[in-house]
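The structure appears right after this line, and notes come after that.
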Amino acid sequence: MNRYVIFTSDELGLETYLGSGAEAKRVNLGNTPEAIAASMKELKISNNDDIYYSSGMEFGTEVGFKTDEAPIELFEKACNVYSNLLTSNQ
């Protein structure tokens with residue numbers, strides 16, 4: 358099981374980090390549900406992984422999104438696209 362923290366990015370998209378501390382690598386997930394879903398597939402994120410939101414995900418207007426809920430809504434849409442990708446490949 359892996360743990361991912363989802364952050365908002367400067368491009369009004371989402372990102373995460375792989376690893377921790379000085380070894381952490383920033384990964385841009387994308388700024389559309391389709392791009393984020395493709396990144397999730399590439400990273401092999403599964404239902405067994407722990408996913409957490411950074412505070413920017415809950416206060417979207419503070420980081421440039423139109424609404425506070427927009428980052429979480431974007432991620433939820435991406436999860437739906439990702440789920441469809443997984444079921445269509447089985």
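Taken in order, the sequence shown gives residues 358 to 447; the numbers are from the working numbering.
C-beta atoms are modelled at their ideal positions from N, C-alpha and C, and glycine is treated no differently.
Report the rounded CA-to-CA distance for GLY413 versus PRO428, giving the unit in angstroms.
C-alpha separation (whole angstroms): 8 Å.
Do you know offhand how far GLY378's Cα is from GLY387's?
Their backbone Cα atoms lie some 23 Å apart in a straight line.
Who does VAL384 pair with in a DSSP beta bridge?
Per DSSP, THR373.
Determine the burial state of TYR409: buried for a count of at least 16 other Cβ atoms within 10 Å of its Cβ, exposed for fewer.
Classification for TYR409: exposed.
Can you round the beta-carbon distance between GLU368 and ARG383 to whole angstroms, since I take them to be within the 8 Å contact cut?
Not quite, the Cβ-Cβ distance comes to about 12 Å (not below 8 Å), so this is no contact.
When burial is assigned at 16 or more other CB atoms within 10 Å of the CB, is MET358 buried or exposed?
Exposed, by the Cβ-count rule.
Output the residue ranges of the beta strand (DSSP E) runs that lie fully inside the segment 397 to 429 and measure 3 residues or longer, sorted by chain position.
Runs of the beta strand (DSSP E) inside the segment 397 to 429: 407 to 410.
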